[in-house]
Structures are given as structure tokens and as C-alpha cells.
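*Asks:* Below you will find the structure I want to go over with you.
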Amino acid sequence: MDQRGLVERARKGDHDAFTELARGAATRLERAARLILRDPELARDAVQEALIRAWRDLPGLRDPARFDAWLHRLTVNACLDLTRRRRRRVIEVEIDAIDSPTVSDHAGLLADREVVDAAMRRLDERGRAIVVLHYFLGMPLTDVATTLGIPIGTVKSRLHRALGEMRISVENDATPTSPVPGGQLA
Amino acid sequence: MTESTRLERDLPGILGDLSMSPPTESLDDVFARTARMRQRPAWTFPERWIPMADIASRPAIAPRLPWRALGMALIIIALIVGAAVAFVASQRTRLPEPFGPAANGLIPYVSDGDIYVGDPVTGAVRLVVGGPENDGLPQTSPDGTRISFLREAGAGPGPAPVDLYVVGFDGSGLHKVTTEPIADWRWVSWMPDGRHVALIQSVPSSEPCAETLCQVNQLDLFDASGSKPAERIAAAVGIDSLQFRPPAGDQMLFRALVDGKYGLFTINDDGTNLQTIVPATVPQAVDNSFGSAVYSADGERIFYQHGDADGCCQLWVMNADGTNQHEFLPRGAAWDGSAVVSPDGKLVAYWHNPNDGEPHGISVVSADGTGQPVETGPMLEGTAHWIWSPDSTKILMFPNDTDIGSAYLLDPAGGPWTTVQWGSIGDLDWQRLALAP
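So the protein sequences, as listed, match chains P and S. For the first sequence, our numbering assigns the number 4 to the initial residue and increments by one for each residue that follows. For the second sequence, our numbering assigns the number 138 to the initial residue and increments by one for each residue that follows.
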């Protein structure tokens, strides 16, 4: 059965249909949550929360074709909710040095991965959410704006800033840098 | 190919590589829970009301009264009561009114899961509630003598359940108000009477639902002393947020969904007299509409976010009865909203977020819409939230997407701003004190 059929069945209370939908989406959702939260445990909590809300509120989804976008929204909101509720403790953030890449083409891919990883770590959760929604989940910016409940202009400006911060990291990758002291975020 | 375009070209693949993780093992727990959980039925999307026609059209019949005799009795009683009040008032500390201008007190805030109060003038801070528990959302009572807050009462999955507590401003008299944890709270606020705390939570509906169990928002009024059971306002099912109407404070304004569309409604604080202010006409997809609806300081107008099929939002204003709806101050293609009225009623601080994405400050303009808006505070690329100081001379603002960790104190006239001397999360509140006689 195609996804639309599963959604329509799940909307009417078919739990088996829902579990099939959820299993099909869970890996993608957890990967997105990990990119946003950078914490596997929190990411699993966020996805659990999103799936529970999805089951509860699925009868309210009017257009089954919007299921994936709707589920992405639930997941991102769960990530940001977790961040908001848990941002009450001092968090020590270790800012790693950015290593210079090796010369060979094969090593270049690995270096890009590490550089982007470090660059993503510098962003806050909202910035990471925008990058993940647009570049990992492939959402158009208008859908990103709707998902996050913010104006398109804000999405553009935040994405612009996020990419700018990431580009700085990429550019700095060309020259060795000294380690940055660990910092604290309240 | 430039370095920047290569980054954007390669980013999807790199992110996919970064996100690789072992298969999820926790879904069985989720499905075990959802299998026991009933879905919210379709007819609650929109939430349904007690039939509006039945409530709104019922006529009020006033009985005949012996006015002359009553008048004499009232005059005598008033003289006695007035003398007693004057005597009592002279013997105790004056307290501020729940609305209107007041003197600035201390600012409650959260740090490391504990409740503090800080003096924005001297920078002095004092711990009010400490301990290993995770506490948050401190809110001062309208009379400035107590603080309500939420304390986590367990763990998920899903939102952590919380209990509602009240404590004296000096840290004395800490007591729990709720008799059992709130599983899914949505909104909390003191009521103007200072004796109750209003709390909106998502709960199983009491309405029978074929095969499934409803989950709807519901309003409960908790006695702040903790000595009485909570009162559920049954007619406010599906309530979204809450504002109290000055100057009496006994009428509540709220947004709700009806037939899949948002509208604005009022109800008395005893659950009677449900009224439609704006019929439900805005599609649910435009979910910022009617958000942040607030009364003017005199309670005669309502500022609110207006959305339509083209999107959201503009800042609109209307009379308190829903008439004369119009855009407050057209300022070009932007997202305008989140109006907060100064306690003295003279100014409105609101969000003017141009669609071009340029950074901007908070806009402040005369509450009657005259004059030019003033932009104040740091230029922000993202969003923020704010409140006025009780004396209307400052705006306490917290950006939603920075790591600064401290709230800003802004000058409504656009002058220099500062930050408070302590770090905190984004919950904002400010103690009201009585004005000097």
C-alpha cells in the first residue's frame, strides 16, 4: 500500500498502518534530530515525542500528501522544545580546533565532513534546524518558514548567517589554527 | 566554482554522512504507548463549543427592585465600609493595582534550575527557591507579594510533567498548588484577583468520542493558597491563550478554533457569558492569526496579529466588542505583531520584521497610532519577546536566538540599552509595587 493509503488508514485509527509509516520515517527523523541537537539521546527523545504527537494528532491532518512535511514539523518543534526546556543548566561547550585537510582527493571528502561537523557545532539549534530542513530534508525555504512558524525573511537571514559561519570554518580550514579555549553557554 | 557554492552543493551529502546512526531501537516503546493512546478525533480539529446561539441569545431579565430602600441601605453600608477601609489601609503596606502604572520592583529569573530575583538598578541578586529540582517560569502575583513557578515532576517521553508552586517574594511559604502533576501544560498566568493562577493544559476530553479519546486544551483556575481544588472552566474548551480585560480583570479574552478556523472570544472568569468577539474565519493554517491578542490599558481596544490567505501577519486593532477592525500602522511588506502595551497605556512595543530579512530592533509607537515609530534596542536578525517595566519607562527584552544569556533593558525612546547584570533563560517578568502616594 502506498503512503497515502497508509496515512488515510492511520488517520482512522489503524495503529498497524501508523507503525508502518513511523518505521519508514523514523531513521530519517532521527538523523535530522541528531543534526539539530547533536546529542543522540536527546534526538531519540525528540523523535519519540514527535511520533507520539503524530499518532495523537494525525486525524487532524487534512491532506495526506503533506504527511512528511507535517512529520518534519513535529520533529523540529520537538527538538526546539527539548532545547528550550533543557536550557536551564550551564552547558560546557568544547570548541575543537579545526584540522587542516590532507592533500589527496580521497582525504578531501573526510576533511569536508569534519569541517562541516565543526561548523554545525558552532550554530545554535535554530540555525541548525534551518540548515537541516533545507539541505538535509530538501525543504524549499517557504516550507521551512511555515515549519518553523517564522517569516521567510527571517529564514533567509538566518540561513545566510549560518552559511556564512560555516564558510568561515571552511576557509579557516586552509590554514592551521590554534585550539580555542572551552567556553560556557548558560 | 567558488568555495561557497561548493559548500552548498556538497552540504546535502555531507549532512547525510554526518547523520548516519545505528538503527533506532526505541520505537517499540513508542508503539506500546501509542497503542494504548487514543487519537484525538477528527471532529476536534476544529474544537467544538457549547452552541453559541444558545448562550449568546439568552435574554437577561432584570427583576423589579425596591430601589429607594436599597439606595438608603447602600449609602449607610458604604459609609461604614469606607471608614473601615480607610482605617485598615492606613495600618498596612499599600499594594499595587493589577493593571495600570506601578512602581518597579525586582525581576524574577531562572538560573541553573533555581528561582532568583534581581535588582536591575543595583545588580544585586537573591536566591528565592533553590534545591536539586528543576524550576522555571517564575511569575509575580499582581500585588507583587508572591511568585508562582513550575517544577518538573518527572521525566518523559514527551513533555516533562510539572507541578505549580507559589512562594513568597522573600522565599517564605513555599507550597505546592497542584494536587497532581500537569502532563502537558500550555500556558500559565496569575489572574488579576491575585488569588488564582490560570493554567491551560492539554487533557483528555470529557466528551464521549467514538472509539478514540479526545485531547483538547482546557482552562483550570488554581487557588494560589493550595487549599482549594482547581476550578475547570468547562466552556473554555479548546482555549489557546488568555488575556484579562482591564480595569476590572474579570473578563478573559482568548483565541480558539471553531470549524477549523480561528476566532476570538471572551468569557467571564467564573465561566459564564461566553461571547464571540471575532467569528472564526481565519484558516487554521494561518496559525499566527489572533495570536498575541492584548487589550489596551483601558480595556477598550484589542491589538492582535491579523493573517489571511496570503500569509501572516500584520498588526491590527479593533474595539473590544470586535467592531472597527483595521490595520494599526501599515509599514510595508513585513511581519508585524506581538504588540505589548505599556502599563500607562501610552505606548505599544511591537514586532516590525521586514520581509527583506534585514536586522531590526523593537518598534515603539504611540498607542493611538500617531507619530513615527521609534526603533530601539540591538538590531536582531531573529525573533525576541519582551515586557514593559511596571512604570512604563523600560522594556525588558530577551532575544530568542542568541547565546548572550541575559535580558536587555531598552529605552522606549530609542536611547542606549543595557543588559541586566545576571544571566538567565528567556522567562520574563517584573514585580509590581505600589506607586508612591
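Using N, Cα and C, we set each Cβ at its ideal position, and we do this for glycine too. Since we're looking at a predicted model, the values are computed, not measured.
State whether the stretch 458–470 of chain S contacts the stretch 410–418 of chain S, with contact taken as three or more CB pairs (one from each stretch) at a distance under 8 Å.
*Replies:* yes
*Asks:* Which residue's Cα is closest to the Cα of S/E495: P/L166, P/R164, P/G167 and P/S160?
*Replies:* P/S160
*Asks:* Quick one: what does DSSP say P/A68 is sitting in, helix, strand or coil?
*Replies:* helix
*Asks:* At what residue ranges does the stretch 348–411 of chain S contain a whole run of the beta strand (DSSP E), taking only runs of 3 or more?
*Replies:* Whole beta strand (DSSP E) segments, 3+ residues: 352–360, 368–370, 388–395 and 398–405.
*Asks:* Is the beta carbon of S/V454 closer than 8 Å to that of S/R438?
*Replies:* Contact flag set, yes.
*Asks:* Identify which residue in S/G482, S/D406, S/V314 and S/G375 has its Cα closest to the Cα of S/F440.
*Replies:* S/G482
*Asks:* Based on Cα-Cα distance, which residue from S/D566, S/Y253 and S/D154 lies nearest to P/R37?
*Replies:* Comparing Cα-Cα distances from P/R37 to each of S/D566, S/Y253 and S/D154, the minimum goes to S/D154.
*Asks:* Taking only three categories from DSSP, how would you classify S/Q442?
*Replies:* Strand, per DSSP.
*Asks:* Is it true that the stretch 518–537 of chain S meets the stretch 561–570 of chain S, where meeting means three or more beta-carbon pairs spaced less than 8 Å apart?
*Replies:* These segments touch.
*Asks:* With DSSP as the reference, label P/T22 as helix, strand or coil.
*Replies:* helix
*Asks:* According to the neighbour-count rule (16 or more other Cβ atoms, all chains shown, within 10 Å of its Cβ), is S/P574 buried or exposed?
*Replies:* exposed
*Asks:* What residues from chain S crowd round P/A25, counting only those whose CB sits closer than 9 Å?
*Replies:* L164, V167, F168 and T171
*Asks:* Less than 8 Å between the beta carbons of S/L394 and S/A373, yes or no?
*Replies:* The answer is no: Cβ separation not under 8 Å.
*Asks:* For P/W73, go through chain S and note every residue whose CB falls closer than 9 Å to its CB, in chain order.
*Replies:* Within chain S, no residue comes near P/W73; the closest Cβ sits about 11 Å away, beyond 9 Å.
*Asks:* In its own chain, which residues sit with a C-beta less than 8 Å from the C-beta of S/L152, not counting the 5 before and 5 after it?
*Replies:* Setting aside the 5 residues that flank it on each side, S/L152 has no residue in the same chain whose C-beta is closer than 8 Å to its C-beta.
*Asks:* For S/H489, which residues does DSSP report across the bridge?
*Replies:* S/D473
*Asks:* Have a look at S/W525 and S/C450 and give me their C-alpha separation to the nearest angstrom.
*Replies:* 22 Å
*Asks:* Kindly list, in the order they appear in chain P, the residues whose Cβ is closer than 8 Å to that of S/N492.
*Replies:* Residues of chain P passing the Cβ test: P154, I155 and G156.
*Asks:* Is S/I439 close to chain P? Criterion is C-beta to C-beta, closer than 8 Å.
*Replies:* No, S/I439 lies away from the interface with chain P (no Cβ there is under 8 Å from its Cβ).
*Asks:* 8 Å is my cut-off, CB to CB: does P/L77 come that close to chain S?
*Replies:* no
*Asks:* Go through the stretch 243–277 of chain S residue by residue and report every complete run of the beta strand (DSSP E) that reaches 3 residues or more, in order.
*Replies:* 244–248, 251–255, 262–266 and 272–277
*Asks:* Does S/M209 come out as helix, strand or coil in the three-state DSSP assignment?
*Replies:* In this structure, DSSP gives S/M209 a helical state, which the three-state scheme calls helix.
*Asks:* What residues from chain S crowd round P/V10, counting only those whose CB sits closer than 9 Å?
*Replies:* Per Cβ cutoff of 9 Å: no residues; P/V10 is ~13 Å from chain S at best.
*Asks:* I'd like the span of the beta strand (DSSP E) that includes S/W525, first residue to last.
*Replies:* A521 to W525
*Asks:* Is the stretch 234–249 of chain S touching the stretch 257–274 of chain S, taking contact as three or more C-beta pairs under 8 Å?
*Replies:* In the pairwise beta carbon analysis, the stretch 234–249 of chain S is classified as touching the stretch 257–274 of chain S: at least three pairs are separated by under 8 Å.
*Asks:* Note down the Cα distance separating S/L232 from S/S278, rounded to an integer number of angstroms.
*Replies:* 11 Å
*Asks:* Got a sec, what are the start and stop residues for the alpha helix (DSSP H) P/E52 sits in?
*Replies:* Taken as a continuous stretch (DSSP letters only), the alpha helix (DSSP H) holding P/E52 covers P43 to D60.
*Asks:* Grab me the residues of P/E33's own chain with a C-beta within less than 6 Å of its C-beta, minus the 5 sequence neighbours each way, in chain order.
*Replies:* A46 and V50
*Asks:* Within the continuous beta strand (DSSP E) that includes S/E495, where are the two ends?
*Replies:* Element bounds for S/E495: n/a, residue is neither H nor E.
*Asks:* Could you confirm whether any beta carbon from chain S is found closer than 8 Å to the beta carbon of P/P62?
*Replies:* yes
*Asks:* Under a CB-based cut-off of 8 Å, is S/Q176 close to chain P?
*Replies:* Chain P places a beta carbon closer than 8 Å to that of S/Q176, counting this residue as a contact.
*Asks:* Can you tell which of S/P235, S/F402 and S/Y246 has the C-alpha that lies nearest to the C-alpha of S/S543?
*Replies:* S/Y246
*Asks:* So which residues of chain S does P/P59 contact, with C-beta pairs closer than 7 Å?
*Replies:* Here the sequence assigns Arg to residue 59 of chain P, which means Pro is not the residue at that position. Close partners of P/R59 in chain S (Cβ separation under 7 Å): M174, Q176, R177 and Q352.
*Asks:* Are the CB atoms of S/Y487 and S/L452 nearer to each other than 8 Å?
*Replies:* yes
*Asks:* Can you grab the Cα-Cα spacing for the pair P/L64 / S/R177, in whole Å?
*Replies:* A direct Cα-Cα distance of roughly 11 Å separates P/L64 from S/R177.
*Asks:* Got a sec? Which residues, its chain only, sit under 8 Å from S/Y302 by beta carbon, not counting five neighbours each side?
*Replies:* V266, D272, S285, F286, L287, R288, L311, H312, K313 and V314
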